Structure formats: C-alpha cells, structure tokens
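Right, one structure below, let's go through it.
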Amino acid sequence: MNGRFTALIHQPFVRFAVSGGIAAAANILSRMALSQITSYSVAIVLAYLIGMTTAYVLMKIFVFEQSGRRVHSEYVRFGLVNLVALAQVWGVSVVLARFVFPAISFETHAETAAHIIGVLSPIATSYFMHKHFTFAGGA
Numbered sequence: 004m005n006g007r008f009t010a011l012i013h014q015p016f017v018r019f020a021v022s023g024g025i026a027a028a029a030n031i032l033s034r035m036a037l038s039q040i041t042s043y044s045v046a047i048v049l050a051y052l053i054g055m056t057t058a059y060v061l062m063k064i065f066v067f068e069q070s071g072r073r074v075h076s077e078y079v080r081f082g083l084v085n086l087v088a089l090a091q092v093w094g095v096s097v098v099l100a101r102f103v104f105p106a107i108s109f110e111t112h113a114e115t116a117a118h119i120i121g122v123l124s125p126i127a128t129s130y131f132m133h134k135h136f137t138f139a140g141g142a
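In the numbering used here, the protein residues as written are 4 to 142.
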C-alpha cells in the first residue's frame, strides 16, 4: 500500500464512512428484502434497525476510542443519535419516492434511489454526534 492510502485509512472520518457504507448496504439490502413482505415505509424502519446495529458494531471496533461506558449505555446513546438520523432518512426517502420523483417523472428504481439518498443524508451530523456523545469518554 502506498503512504497516502495508509494515511487515509487511519483517518477516523474515513473509517466512519467505510463502516457506515457497509452498514448502509446492510440497511438497503434488508429494506429490499423486507419490502417483499411489508410496506415500503415499515421496511425502511426495520431495515434501519438492522443497519444501525451493524454500524454500532463496526464503529465500536474500527472507528472510535473506548469510551469507558458499558456496551448497553453506548448502544442506547447510539440509538438516540440514530433516532434523529432515522427521522431524516425516513423523511428524505419518503418525500423523494412519493412526491419529488413522481413530480419529475423519475420511475426507474425510484424507491431504491430515494432510500439510498435518504441513508446517505445524515453522514456528517451522525459522525460528530457519535464522536462527541455516543463514544465520548465518560463513565
């Protein structure tokens, strides 16, 4: 590996983005599967929980320093941050799929495109909230 790549992967935000990308893939793929058995709106919420748990594990292992908190406490904090992000993901996804895309006649995989955009929408705010709240040092 060259020096630039090695330096890049040592940046916490890059590791956060990669971990988030893996979790987003789990979220999106599970939403597609869940949409086969439930409504789009419900599938978004259930898939978000799958993605959130994936993200927590990856970020705890690869991104953030030990906080000194118990796993339960961290996961609750992670969940609180993700409740805010879930509202954003759900809102962006539904508004795009139900209103924006039909208004511009975008029909090719509209729900999947809307969901991908929705999942990507809270990346910066989530990073800072997790860094300074979820995984911040404390007892």
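Every residue, glycine too, gets a C-beta built ideally from N, C-alpha and C.
Quantities reported herein were computed from a predicted structural model and do not represent experimental measurements.
| Query | Result |
| --- | --- |
| Own chain, CB closer than 6 Å to M55, minus 5 neighbours either side, in chain order | N85 |
| Where G54 falls: helix, strand or coil (DSSP) | helix |
| The region 126–140 in contact with the region 103–117 per 3-pair CB rule at 8 Å | no |
| Span separating the alpha-carbon of A75 from that of A106 | Per the sequence shown, residue 75 should be read as His rather than Ala. Going by the C-alpha atoms only, they are around 44 Å apart. |
| Classification of F138 by the beta-carbon crowding that lies within 10 angstroms, buried from 16 upward | buried |
| Residues near A70 in its chain [Cβ-Cβ closer than 7 Å; skip 5 each side] | A small fix is needed here, since residue 70 is Ser in this sequence, not Ala. So the qualifying residues of the chain are E77, F138, A139, G140, G141. |
| Start and end residues, alpha helix (DSSP H) containing F16 | 15–37 |
| Between the CA atoms of A20 and T41 - distance to the nearest angstrom | 29 Å |
| Cβ-based burial, V79 [other Cβ within 10 Å; buried from 16] | exposed |
| Which listed residue (V45, I25, G24) has its alpha carbon closest to that of R34 | V45 |
| Within 8 Å, strictly: CB atoms of A26 and L49 | no |
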